[in-house]
Amino acid sequence: MRPISFLAALPALALAACGAPDDNADTPTPDGTEDAMPVEPDGGIGDGATPPGADAAGGIPTALHGRWGLVAADCTSTRGDAKGLTEVNGEAVTFYESRATLGDVAERDGDSIRATFAFTGEGMEWTRDMALEAADGGEALIRTEYGEDAMPEPLRYIACPAEGDA
């Protein structure tokens, strides 16, 4: 008789193991819309996708990405002499003869970051406490360094036109 009662309880145990249904599934947000599941770049479900408009956790904010020049000619030079050209992506800042890779982040929001950057260039390596901040509605980038051997004043870069727009 004991084996039969165990078998009768098996479906109930299986349902309990599945957990309770999500009471918040498909629940509209306060503005009446539903939260969409992020999608991976390859079209897969969002099991790790960054929601649209958001940055990868801890990276350089998207608002700072792009090509920036100290003067307009830095954006258009074809002779390789654009010494004031700076390129920013999610993990690094590239300069004329050096590259700064993002390290420990001290402060970060949607349009600025202050962090330790590991520099390499011309056979040397060094670290720098540096801040990047969008200005003028995203048309300018302000770079400020802190600590020993830091630049005495912040540098102001202008946004380069998107490639093909110049």
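Residue numbers (mature numbering (1 follows the signal peptide of the UniProt record, and there is no 0)): -25 to -1, 1 to 141.
Ideal placement from N, C-alpha and C gives every residue a C-beta, glycine not left out.
As the structure is a prediction and not an experimental result, all values here were calculated from the model.
Same chain, Cβ closer than 6 Å to residue i, neighbours up to 5 away in sequence not counted
i      : result
Ser87  : Glu108
Asp22  : In this predicted model, Asp22 has a pLDDT of only 46, less than 50, meaning its place in the structure is not dependable enough to derive any value.
Gly122 : Asp104
Ala57  : Asp49
Residue closest to residue i, alpha-carbon to alpha-carbon, out of the options
i           : options                          : result
Thr91       : Met105, Gly44 and Glu66          : Met105
Glu97       : Leu45, Pro136, Tyr71 and Ala67   : Tyr71
Asp124      : Ala110, Ala67, Thr102 and Cys135 : Thr102
Ala75       : Glu82, Leu45, Arg89 and Asp111   : Arg89
Ala38       : Ser73, Gly78, Ser52 and Ala110   : Ala110
Thr119      : Glu66, Arg131 and Gly112         : Arg131
Leu77       : Glu100, Gly85 and Glu66          : Glu66
residue 185 : Met126, Gly85, Pro127 and Ala81  : Within the shown structure, residues of the chain are numbered from -25 to 141, placing residue 185 beyond reach of any answer.
Phe94       : Leu116, Thr69 and Glu114         : Thr69
Glu114      : Ser73, Ala137 and Glu82          : Ala137
Bridge partner(s) assigned by DSSP for residue i
i      : result
Leu130 : Arg118
Ser87  : Asp84 and Glu108
Phe92  : Leu77 and Arg103
Leu60  : Gly44
Ala38  : DSSP output for Ala38 lists no bridge partner at all.
Thr69  : Glu62 and Arg74
Beta-carbon proximity list for residue i, same chain, < 8 Å, skipping 5 on both sides
i     : result
Asn64 : Ile35 and His40
Ala47 : Ile133
Any non-hydrogen atom of the ligand COA closer than 6 Å to residue i Cβ
i      : result
Ala106 : Ligands are entirely absent from the displayed structure, and the ligand COA is therefore not among its contents.
Rounded Cβ spacing between residue i and residue j (contact assumed at less than 8 Å)
i     : j      : result
Arg42 : Cys135 : 4 Å
Beta-carbon proximity list for residue i, same chain, < 7 Å, skipping 5 on both sides
i        : result
Leu(-19) : Low confidence applies here, because Leu(-19) scores a pLDDT of 40, under 50, leaving its location unreliable and the question unanswered by this model.
Asp79    : Ala90 and Thr91
Gly59    : Gly44, Leu45, Val46 and Asp49
Gly33    : Val80
Met126   : Glu120
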